[in-house]
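Undergrad: 1 is the number of the first residue of the sequence shown in the UniProt record's numbering; add one for each residue after it. We put the beta carbon where it would ideally sit given N, CA and C, even for glycine.
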Amino acid sequence: MSLQCPRCHSPKVASFHHAMKVGAAIGTVSGVARGVSAALAGGQAGAAIGAFAGPVGITLGSVSGAILGGLAGGVGGCALGAQLGESLDRHVLAHNLCLLCGHRFNLPA
Numbered sequence: 001m002s003l004q005c006p007r008c009h010s011p012k013v014a015s016f017h018h019a020m021k022v023g024a025a026i027g028t029v030s031g032v033a034r035g036v037s038a039a040l041a042g043g044q045a046g047a048a049i050g051a052f053a054g055p056v057g058i059t060l061g062s063v064s065g066a067i068l069g070g071l072a073g074g075v076g077g078c079a080l081g082a083q084l085g086e087s088l089d090r091h092v093l094a095h096n097l098c099l100l101c102g103h104r105f106n107l108p109a
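Next comes the structure, spelled out in structure tokens:
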């Protein structure tokens, strides 16, 4: 099924996903912040596991926990933000533009 302009029925339609991009960026930043804060709060576990290797193990356990927590949080936040932004693009914002007549429209519900 190709997308067509509802006014002139042209298949030359451009789709813009501004809300999806912004939502993904905001979700990534907030997910990283949440992941790092949770990892730092749980850094005692990483330090306890790394304690058998001495001070270097404690440091590496804490730092690697923060990095992995940030990555996991960032991925989750990005996915959630992109879904929210796509829903906003699809149903609220007129994100399709006919390149022939200039009509802006949403996808039908």
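Alpha carbon to alpha carbon, how far is Ser2 from Leu99? Give it in angstroms, no decimals.
TA: 15 angstroms
Undergrad: Given this structure, state the Cα-to-Cα distance separating Gly102 from Ala82, to the nearest angstrom.
TA: 27 angstroms
Undergrad: For His17, which three-state DSSP category applies?
TA: coil
Undergrad: Hey, Ala19 and Gly74 are a contact pair by Cβ (cut 8 angstroms); roughly how many whole angstroms apart?
TA: In fact, because the Cβ distance is near 19 angstroms, the residues do not count as touching under 8 angstroms.
Undergrad: With Cys98 as the anchor, note down where its beta strand (DSSP E) starts and where it stops.
TA: 96-98
Undergrad: For the alpha helix (DSSP H) containing Gln83, name the first residue and the last one.
TA: 55-91
Undergrad: Please determine, among Cys8, Cys78, His91, Pro6, the residue with the shortest C-alpha to C-alpha distance to Val31.
TA: The sequence shown places Gly at residue 31, rather than the Val named in the question. Out of Cys8, Cys78, His91, Pro6, the CA that lies nearest to the CA of Gly31 is found in Cys78.
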